[in-house]
Each structure stands twice: as C-alpha cells, then as structure tokens.
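Only one structure is covered here, and it is reproduced in the block below.
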Amino acid sequence: MARSVKKGPYVLEALQKKVRAMNDRNEKRVMKTWSRASTVTPEFVGHTFAVHNGNKFIPVYVTENMVGHKLGEFSPTRLFRGHTGNKAADKKASPAPSAGGGGPKGGR
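This note's numbering applies: residue 22 is where the sequence shown begins, and numbers increase by one.
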C-alpha cells in the first residue's frame, strides 16, 4: 500500500464541516472557497462551490463524475486568447490547392 493511499485525500476541514452542516439541514447554497487543493468527496455532490482562480470566484456545480478530482481543476487560472496572426493575410497567401486536375489521368 502506497503512503499516499494510507494518508487519504486532502479536504479542508472547515469546508468539510460546512458541507456536513448543510447536508444535515438539507440546504443548498453557494460556498466560497480558496481551497483549490481540496479533493471532491461524495458528500460534495449536488453543492455549488465558488472556487477562487486568483482573480475571481468561479461557480462549480459538483456532479458524481467530479468525485476524486480537485476543486481547482474546474476553475481555470489562465485565459487562452488564441495564437496571434493576421487572418486576412493568411487567407490571401494560401489559396485552396487543386485536387489533381479533375481528370481520370491525374491532370495530364
């Protein structure tokens, strides 16, 4: 048995207490958290967490497929804006290649 299996998953204790209290009261509301490293447990299913991404809080609704993953996986910290380039010049520079002349002999 590996040491990490013996230690068990990391879940912030305060977050675990809040979820248990809400489950006892049968209450659902958004919980803000900075704990991106907390592992999603089966108790979290059906709750919404506002996970901080370094700039703002991203709402994450927990489903059964998320159990075992970390909360931070569902709140991206970086924004990909695409690769730069002049789209108008790219279209003019690369015309569509022909399909071989269109004849049965390959354009002879």
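Positions of the beta carbon are idealized from the N, C-alpha and C atoms, including for glycine.
Spatial distance of residue i from residue j (CA atoms)
i: residue 56; j: residue 33; result: 7 Å
i: residue 99; j: residue 126; result: 53 Å
i: residue 44; j: residue 37; result: 11 Å
i: residue 28; j: residue 104; result: 43 Å
i: residue 110; j: residue 47; result: 59 Å
i: residue 113; j: residue 107; result: 10 Å
i: residue 42; j: residue 79; result: 23 Å
Test item: CB-CB of residue i and residue j under 9 Å
i: residue 70; j: residue 54; result: yes
i: residue 101; j: residue 72; result: no
i: residue 52; j: residue 40; result: yes
i: residue 81; j: residue 66; result: no
i: residue 68; j: residue 49; result: yes
Candidates the options, of which the one nearest residue i by Cα
i: residue 31; options: 93, 47, 85 and 80; result: 93
i: residue 85; options: 63, 47 and 112; result: 63
i: residue 58; options: 74, 46 and 113; result: 74
i: residue 97; options: 42, 35, 76 and 24; result: 76
Cβ neighbour criterion (16 or more within 10 Å) applied to residue i
i: residue 26; result: exposed
Continuous beta strand (DSSP E) assignments of at least 3 residues falling wholly in the region 36-104: 52-54, 69-73 and 78-82
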